[in-house]
Every structure is written in C-alpha cells, then in structure tokens.
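Residue numbers (my numbering): 291 to 791.
Worksheet for the structure shown next.
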C-alpha cells in the first residue's frame, strides 16, 4: 500500500509542477494591466492607440445607430472593441498559431520575473513568513469583493444581471458537460489533489480540529463564490444595458472575464482608473495566494532534508528559476496557444479525477475507512459524521468515475476562440502532459511485474503485497510536530497500516 499511496503523491506533484509553470502567467498579465493603469487614460478605452486597427470601434460609437446607417454597415462582426484589440494585439501580440511561436515579449517577461520574485520572498523563510503574507493576500480580496459588490449593485442594469445569475437555464442541467465543468471547478476551487491543503495542514498541531476546518472551508468557499456571482453579474448587467445587447453576449469565461469583460466594464464607470487599479491589485493578490500554496506543496516534499542550512532557500530559488524559464514560452507571440495547451491538458479535470479516485480507494478500501475514522478520532476527540464514510467509500469514487468517463466520451479537440484548431503534434504534446501525471499510479504495478521474475502466481502475490503493504506494520505511532512528540496506540487490525509521519 505504501508504494501505491506514494505514487498518488507523485502524480499530484507532477500536476502541481505543471500548474506552477503556467498559472503564474495569469499574474504576469495582471501585473501588466496594473502598470498600464497609471496613465492619464486607460489604454484600452479608446481606439487611438498604435496597436489599433481600422476595424476598432469604441462602445460609445457602437450605440450610435445613425452612424451605422451612414456607413451602411451590415456586418458588425468585422468590427472589434478597443479592449479586445488591447488584449490580443498589445498584451499578447498573438500570432496565427502555435507553429508561429515568435519572439519573447520582454514587457511580459519582466512582469513574469517580477511576480516570481514576489513569490520567492513570500515563502523563502517558511510557513511563518507565508502566514504573514496571507493576512494581506486573503483579507484584501474579501474587502475588495465587498467594495465591488456595493459598486456593482448600484449601477444601472445591475438588477437584470443579477436576475440572469439567479434564474439560470435549467435545461442546461441535462447536459453532462455542465456537471463535468462544475466538478472540475470544485477541484480547483478547493485545491483537491494538488497537495496544497495537505502541506499547509501538516503545520498544525496533532490535536488540531481539522474536521471542523474542513466543514468551514466548504461553507466559506461556496459562500464566497455565491457572493462573487452578484458582484460579477451586476457589472455584466450594467455592461449589457450600456451596449444595448443581451447579457449572454457580454458574459465571458476564463481569461476573457478578467482581461476583456471587466476592463471594459470599468471604462464605463466614473473614475475608471481607480476601479481598474483596485481590481487588478485584487487579482494579483488572489493569484499570489494560490501560487504560494502550490509552491509550498512542492517545497514540503522533503521537509527534513530542506530544513538544514540554506537548502530551503536554494531549492525555492532553483524551482522559481526553472519554472520561470519554462514560463517564457507563454510570453511569446504564440504564448497564448502554449498556455491554453497546458491549461486544457496538464491540470485538466481528467487528471484530477484520476488522482481523486485512487486517493479514495487508497484511504477507504486499502487503508480502511474505519481505520481512518479511528485516526481522526484520536486527533480531534470524536468521530466524524457517518456520512463521511459513505462519501469516501462510494459517493466520491462513483462521481469521479462517472465524470472521468463522461470527460473522455464528450471530449472535444482544443481550439482557440472556437476558430483555431491545434495541429496533431500539439494535441499529442497535450496528452503527453496529461499522461505524465496519470501514469505515475499504474507505474507501480508495472514495476512490480517487472521485478517479479517468476511464474504467474509470484506476480499475483507481488501485486497483492503492493496493495496490502505487507511487512509495513507498526504497533506504536510517534508523531512529531513543532517539537512535541505524541504516542498513539495502534488500534487497527494487524493487516492495516498507519504510515509514520
């Protein structure tokens, strides 16, 4: 069992390593936008910039129907907005495809370097410095959320946006892709299978009530997401009214929401520069919070080794440098195509569902749900709700399998803006990124078969021992945490395993 659970951890590390490379590019974009805010006028508000094309039309002109009649415009799809051209032509400088990777955009490369330096100094001294940083990165976004919510609901048209948010199209619930997307979002929202919660939780006292925190985390995360919806859709309703279009036409997802829809919204508000600065500061702090958690999960892979001397600082510096060099491929002319490739495959829902299923199997069926209950009871002093056992043993594994199968059956080739189709070699590279983590778990079975040079019965015994963890038994468990040593009598049957920490 130890070998299998170790491979599950390696799979999570591979996912986090790949996520660590491309996620921070979003922060580089946010930093670039933030620097651009310190100008007399927001550069994405007008069509008089060097990067604009003759097809650029400002929103105030779009609302002038007499203008369209005068130029006899029948096909409005040929016209673009200044915020879209700022994003695609100035920030990204996007090429025609991933085959045309192009040169590095050094303005974005410097922004990427800046956010990596900030991340390094946030965590280089360990969890104590990280804890102080979190006071800012976690608190300020909540304050900004309330400010944006108050501002959003007071805008004209906000009521229609909120109505659009609260009364969704229930027919979409019949679409399996909706449930797959929702399940994938839950994984990222709670950082499940990414090691961040495990790493940060390992710094707690042994008797700390982690069960209570898990329930609070679920309630706070869902509550924050629900309230955020009001802040977002109230602004989208305002945008729709200002442009005279349906809300569905202004709603964006992914990077488009943060770098197209919201920047366009602030240009329509009074004091747009102030709102733009506050929004992108909030975006940076939220991203830094997530990035710090991801790096911490990598640094804590070998804590006893890195605790000596300056090994931790050196390791973090090397990790940041290597990740930065790989990230430079995403700040080129064709970097957006590389970014989407990583986002679609490397840390996709398919990979996370795969790891989550084996985690549930390892905990509930190999280690034993009852044994896990006993361990939690020894820590917090009482047994969790019995529903948790059903969740570990049946509900979560079945949901993971169902979503995993649907993800493969309903899989769609990756495209950019629903127009550009990736070449076959890029798709193959994407699946290589996905399989890099998924293959870690079955690899232990392959290794056991290779090492078992003998008849079929010996191979079968080797595989059975791989899951049972034969020879890995302890009667007493010593747990060291912050200088304190606790001893716990092993209440589990002899065949069960409690791996030492």
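Yeah, the Cβ is synthetic: ideal placement off N, Cα and C, and Gly gets one too.
Given residue i as reference, the closest of the options once Cα atoms are compared
i, options, result
"residue 369", "389, 342 and 381", "342"
"residue 486", "584, 448, 527 and 528", "584"
"residue 679", "655, 698 and 697", "655"
"residue 586", "576, 638, 475 and 609", "609"
"residue 556", "319, 331 and 322", "331"
"residue 306", "421, 481, 390 and 400", "481"
"residue 661", "683, 494 and 641", "683"
"residue 492", "592, 573, 479 and 574", "592"
"residue 465", "697, 505, 489 and 504", "697"
"residue 603", "412, 536, 401 and 727", "412"
"residue 479", "576, 657, 320 and 686", "576"
"residue 611", "677, 399, 517 and 433", "399"
"residue 402", "393, 617, 433 and 629", "617"
"residue 488", "588, 335 and 727", "588"
"residue 397", "439, 326 and 340", "326"
"residue 628", "301, 374 and 384", "384"
"residue 648", "729, 637, 719 and 713", "729"
"residue 432", "510, 391 and 390", "510"
"residue 421", "718, 605 and 582", "582"
"residue 533", "567, 595 and 447", "447"
"residue 568", "391, 430, 417 and 392", "430"
"residue 686", "512, 666, 344 and 477", "477"
"residue 499", "303, 304 and 667", "667"
"residue 261", "619, 441, 535 and 475", "Outside the shown range of the chain (291 to 791) lies residue 261, about which nothing can therefore be said."
Integer-rounded CB distance, given that residue j should sit under 8 Å from residue i
i, j, result
"residue 312", "residue 633", "6 Å"
"residue 483", "residue 645", "4 Å"
"residue 324", "residue 570", "4 Å"
"residue 716", "residue 631", "6 Å"
"residue 733", "residue 297", "6 Å"
"residue 727", "residue 650", "At roughly 17 Å, the Cβ-Cβ gap does not stay under 8 Å, so residue 727 and residue 650 are not in contact."
"residue 435", "residue 518", "6 Å"
"residue 636", "residue 404", "Wrong, their Cβ atoms sit about 24 Å apart, outside the cutoff."
"residue 317", "residue 490", "Rounded, the Cβ-Cβ distance is 20 Å, inconsistent with contact."
Cβ-based neighbour list, residue i, same chain, cut-off 7 Å, excluding 5 preceding and 5 following
i, result
"residue 579", "424, 427 and 428"
"residue 467", "700"
"residue 710", "387"
"residue 607", "410"
"residue 537", "450, 451, 454, 526, 527 and 530"
"residue 614", "402, 403 and 406"
Inter-residue Cα distance where the pair is residue i and residue j
i, j, result
"residue 376", "residue 721", "32 Å"
"residue 497", "residue 703", "48 Å"
"residue 530", "residue 671", "54 Å"
"residue 459", "residue 415", "49 Å"
"residue 406", "residue 315", "10 Å"
"residue 653", "residue 690", "15 Å"
"residue 731", "residue 329", "52 Å"
"residue 669", "residue 663", "10 Å"
"residue 322", "residue 395", "12 Å"
"residue 494", "residue 553", "40 Å"
"residue 438", "residue 506", "24 Å"
"residue 638", "residue 724", "7 Å"
"residue 673", "residue 681", "15 Å"
"residue 793", "residue 374", "The structure shown does not extend to residue 793, since the chain is modelled only from 291 to 791, so the question has no answer here."
"residue 393", "residue 378", "16 Å"
"residue 501", "residue 303", "24 Å"
"residue 707", "residue 539", "14 Å"
"residue 546", "residue 688", "33 Å"
Contacts around residue i, its chain only, beta-carbon distance under 6 Å, and the 5 residues preceding and following it disregarded
i, result
"residue 337", "346, 348 and 372"
"residue 382", "626"
"residue 559", "565"
"residue 693", "470, 473 and 643"
"residue 760", "Note that residue 760 scores 42 on pLDDT, short of 50, meaning its location in the model is unreliable and no value can be drawn from it."
"residue 380", "341"
"residue 356", "Because residue 356 sits at a pLDDT of 49, beneath the cut-off of 50, its placement in the model cannot be relied upon, and the following sentence gives the value as read from the coordinates. Same-chain partners within the cutoff: there are none."
Cutoff 7 Å: residue i Cβ touching any chain D Cβ
i, result
"residue 641", "Checking the listed chains, one finds no chain D in this structure; it contains a single protein chain."
Sequence-distant residues of the same chain with beta carbon closer than 8 Å to residue i, five excluded per side
i, result
"residue 713", "387, 388 and 389"
"residue 562", "332, 335 and 556"
Worksheet item: Given 8 Å as the limit, is there contact between the stretch 453–468 and the stretch 511–530, that is, 3 or more CB pairs closer than that?
Response: The stretch 453–468, when compared against the stretch 511–530, does touch it at the 8 Å Cβ threshold.
Practice prompt. Check whether the stretch 618–636 touches the stretch 591–604, taking contact to mean three or more Cβ pairs, one atom from each stretch, closer than 8 Å.
Written response: no
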